[in-house]
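Enquirer: Take this structure, written in structure tokens, and hold onto it; I'll ask about it next.
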Amino acid sequence: MLERSIDNMERTRESMIRRYRDFQIPWEWLLNTGLIGQMKLSSLRLAKVYLKRITKELQLNECSGEDNLLLQGARFAYRVHQFAGGFDAETIRAFQELKKIGMGSLKQ
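Using this note's numbering, read the sequence shown as starting at 3 and increasing by one per residue.
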């Protein structure tokens, strides 16, 4: 839901900028004010924390539904990746740690 709203807002802004530019109306004020960027960065931070928490729980074997938790983590990470336009280095590391745990559970 949030992803669609942000995507729609960005598309609307881009089309308005084109129209304003065509009619020589000042359009610079329509540029991204940083709010969307901050939302994407916050999403990356949340994903990193979530992935680390899942990794820790799987390492400590605190949960009975390991496969379900691993799948939830992967799905959430994918959605954040799509929303933010990629991962930062810290989130990539957290995802790789989760991947190691997942690959280890598949081998057992």
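In this text, a Cβ means the ideal position worked out from N, Cα and C, and glycines have one as well.
Exposed or buried, what is Val-82 when buried is set at 16 or more other beta-carbons lying within 10 Å of its beta-carbon?
Expert: It counts as buried.
Enquirer: My assumption, with CB atoms under 8 Å, is that Leu-71 sits in contact with Glu-59. Please give the rounded CB distance.
Expert: Yes, they are in contact, since the Cβ atoms of Leu-71 and Glu-59 sit about 7 Å apart, within 8 Å.
Enquirer: Judging by CA-CA distance, which residue of Leu-53, Ser-17, Asp-90 and Asp-24 is the nearest neighbour of Leu-43?
Expert: For the residues Leu-53, Ser-17, Asp-90 and Asp-24, the minimum Cα distance to Leu-43 belongs to Asp-90.
Enquirer: Which whole-angstrom value is the C-beta distance of Thr-57 and Ile-103, which I expect to be below 8 Å?
Expert: Indeed, because the Cβ distance is near 6 Å, the residues count as touching under 8 Å.
Enquirer: Which one of Ile-27, Ile-19 and Ala-86 has the shortest CA to CA distance from Asp-5?
Expert: As written in the sequence, residue 5 is Glu, which differs from the Asp given in the question. The shortest Cα separation from Glu-5 among Ile-27, Ile-19 and Ala-86 belongs to Ala-86.
Enquirer: Out of Ala-96, Ala-79 and Ile-8, state which residue places its alpha-carbon closest to the alpha-carbon of Gly-39.
Expert: Taking only the C-alpha atoms, the option nearest Gly-39 is Ile-8.
Enquirer: If you compare alpha carbons, which of Arg-20, Glu-12, Lys-54 and Leu-53 is closest to Gly-36?
Expert: The shortest Cα separation from Gly-36 among Arg-20, Glu-12, Lys-54 and Leu-53 belongs to Glu-12.
Enquirer: Exposed or buried, what is Ser-17 when buried is set at 16 or more other beta-carbons lying within 10 Å of its beta-carbon?
Expert: Exposed, because fewer than 16 other Cβ atoms sit within 10 Å of the Cβ of Ser-17.
Enquirer: Grouping DSSP H, G and I as helix and E and B as strand, with all else coil, what is Gln-2?
Expert: No information on residue 2 is available, as it lies outside the stretch 3 to 110 that the chain covers here.
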